[in-house]
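Asker: My numbering puts the sequence shown at residues 77 to 279.
Glycine is no exception: its CB is placed at the ideal position from the N, C-alpha and C atoms.
In this text the structure is predicted, and so the values were computed from the model without any measurement.
Questions regarding the structure given below will be posed in turn.
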Amino acid sequence: MKSLLYIALFFSLCSCFQNKEPLVGDTPFQMALNSSFKDASKSPLKKKDRKVFKGLDFFEVDSAYIVKAKLTRTPDSTYFEMPTTTDRMSKERVFGIVNFKIKDQDFELKIYESEDLLEEEGPRDYLFLPFLDLTNGGSTYGGGRYIEVPINNKKTDTSITIDFNTAFNPYCAYNEKYSCPIVPRANFLNTEIKAGVKAFEKH
């Protein structure tokens with residue numbers, strides 16, 4: 077699956093020329109994501125859902141969920157097969173451990189590098205951060221959410237910025253035909269992350 081970040085950057089530049097309807101969203105990320113969901117050639121939505129689609133439901137943007145994280149690399153890690161929602165396995169490796177605070181609470185997550193994305197054309201300077209939290213199964217998708225975290229230099233950076241306002245649902249939240257990496261239980265945050273995309277109400 078092509079990087080959602082790459083799609084977002086692409087659509088932020090050209091969607092205003094391709095769509096006659098005004099884009100829905102409070103931020104460039106939200107507008108770009110909604111634009112891609114409207115486009116039949118890009119959208120993960122089923123046809124019946126796309127016909128009535130007006131825009132995804134987002135939490136209000138909150139700067140408390142933009143955090144600077146310490147990155148500790150795991151250079152000796154090897155690629156492994158991460159289970160997905162289908163029989164396919166996703167080739168990932170633990171790129172490192174990120175430590176950060178949200179509202180004075182300390183948290184730690186594993187952040188991944190996807191082997192498949194290294195072979196794709198386009199931007200590769202980002203890491204894959206899947207996570208679970210206490211909103212799952214309520215206001216957010218039960219299977220957890222993903223963030224694509226930009227990194228300036230994979231060899232030297234010791235900190236990264238994680239913006240939970242850009243958390244998005246796996247495509248299988250919209251259509252079961254997609255094969256989505258299952259978020260590891262180790263990446264559970266014992267708090268409510270009220271940021272990013274909310275659960276999708278299917279029609």
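Starting from proline 257, follow its DSSP beta bridges and name the residues at the other end.
Answerer: Position 181 of the sequence shown, counted from the start, is the residue given in the question as residue 257. According to DSSP, which records beta bridges pairwise, proline 257 is partnered with Thr160.
Asker: Helix, strand or coil for aspartate 281, going by three-state DSSP, please let me know.
Answerer: It is not possible to answer for residue 281, since the shown part of the chain is limited to 77 through 279.
Asker: Quick check on serine 139: buried or exposed, where buried means 16 or more other Cβ atoms within 10 Å of its Cβ?
Answerer: Counting from one through the sequence shown, the residue named residue 139 turns up at place 63. It counts as exposed.
Asker: Would you call the CB atoms of leucine 147 and glycine 172 closer than 8 angstroms?
Answerer: Within the sequence shown, the letter at position 71 stands for residue 147. Within the sequence shown, the letter at position 96 stands for residue 172. The answer is yes: Cβ separation under 8 angstroms.
Asker: Pick from Lys270, Phe176 and Phe156: whose alpha carbon is nearest that of tyrosine 217?
Answerer: The residue you call residue 217 lines up with position 141 of the sequence shown. When only C-alpha atoms are compared, the closest one is Lys270.
Asker: Name the two residues that bound the continuous beta strand (DSSP E) containing asparagine 175.
Answerer: The count along the sequence shown starts at 1 and reaches residue 175 at position 99. That run of the beta strand (DSSP E) goes 165 to 178.
Asker: In three-state DSSP terms, what is asparagine 229?
Answerer: For the purposes of this step, residue 229 is identified with residue 153 of the sequence shown, where counting begins at 1. Residue state, collapsed to three classes: coil.
Asker: Identify which residue in Lys179, Glu184 and Thr162 has its Cα closest to the Cα of glutamate 252.
Answerer: Within the sequence shown, the letter at position 176 stands for residue 252. Looking at the Cα atoms, Thr162 is the closest of the given residues.
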